[in-house]
Amino acid sequence: MDEVIIRQNILRYLFEKETFVKGKELTTISGLEKDDLKYIIHFLEVKGYLIVKSSSYGMSYYTKITKKGMEIIKDILVKKEEVPYILK
């Protein structure tokens with residue numbers, strides 16, 4: 001699967017959850033191995049789209065979407081007309 005699509009799916013999942021989620025949940029929805037997922041999570045964290053509460057070499061990290069992440073996923077969903085009722 002395309003990395004951009006995986007990032008969007010992760011942000012969408014975090015947007016829907018609205019709270020911290022465990023890394024294991026993200027491996028399930030992304031279909032990635034934990035090492036590949038860490039790379040994507042790090043990328044999204046550096047860009048400011050999500051917050052990683054605690055991180056270690058295992059899957060014991062908790063992730064939550066930021067306001068910046070919410071804005072970008074809203075824009076993507078509105079453009080795809082999946083959630084047309086979201087106001088910008």
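Everything in the sequence shown is counted per full-length UniProt numbering, starting at 1 for the first residue and increasing by one. In this text, a Cβ means the ideal position worked out from N, Cα and C, and glycines have one as well.
Bounds of the alpha helix (DSSP H) holding K17 are 3 to 17. In the DSSP assignment, K67 falls outside any beta strand (DSSP E) and within the unbroken alpha helix (DSSP H) covering 67 to 79.
Cβ-Cβ distances below 6 Å link Y13 to I29 in the same chain, with the five nearest sequence neighbours on each side left out; the list follows chain order. Between K64 and T27, the gap from beta carbon to beta carbon reaches 8 Å or more. Look at L37 here: in three-state DSSP terms it is helix.
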